[in-house]
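According to my numbering, the residues represented by the sequence shown are 260 to 384, in order.
Glycine included, every Cβ here is placed at the ideal spot set by N, Cα and C.
Because the structure is a prediction, the values reported are computed rather than measured.
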Amino acid sequence: MLKTLYKEKCLRYFIIPEIILLFIFFFKFSILAVYVILPLYVFESIFDNIFFNIPLIWLLFKITTMYFCSIKFEKINKIEDEEKKKKEKIRLKIIIFLLNIIALIIFTIFSIDLVNNIFNTLLSF
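This is the structure we're talking about:
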């Protein structure tokens, strides 16, 4: 799966959104707050409802999309016509990029709100 995505120069569409998300997360909060909030959030998310378990949902989404994209690339590589193969690859890369950006925006909105709620709860003690 990773080999196919790397060969198609498509792995960066899966890695860059995580780098952006970490950049937003670490500049939104100080390092001390991250070390306090993150373990509490992980502990809470293990025992909480699946809808509040955003990082696991994000990870599942990324693994699922990577799997289906690698399968699709393998099917595209079996096409004999070079022009059609090139068009299909470009179209799939655009779809992957847009899908990851939309998921990144949704995850950022949910995670910032959730981390703010946890941070406010900690400050209320």
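TODO: Select from 368, 362, 360, 355 the residue whose C-alpha is nearest the C-alpha of residue 385.
DONE: Nothing about residue 385 can be read from this structure; the chain reaches only from 260 to 384.
Task: As assigned by DSSP and simplified to three states, the class of residue 337 - done: Residue numbering aside, residue 337 sits at position 78 when the sequence shown is read from its first letter. In the structure shown, residue 337 sits in coil (DSSP, three-state: anything other than H, G, I, E or B).
Task: Euclidean distance between Cα positions of residue 365 and residue 379 - done: Translated into the one-based positions of the sequence shown, residue 365 becomes position 106. Translated into the one-based positions of the sequence shown, residue 379 becomes position 120. So the two alpha carbons sit approximately 21 angstroms from each other.
Task: Burial state of residue 359 (16 or more Cβ within 10 Å) - done: In the sequence shown, residue 359 corresponds to position 100, counting from 1. Residue 359 should be labelled buried.
Task: C-alpha distance - residue 375 paired with residue 339, whole-angstrom precision - done: Within the sequence shown, numbered from 1, the residue matching residue 375 stands at position 116. Within the sequence shown, numbered from 1, the residue matching residue 339 stands at position 80. Whole-angstrom Cα-Cα distance: 52 angstroms.
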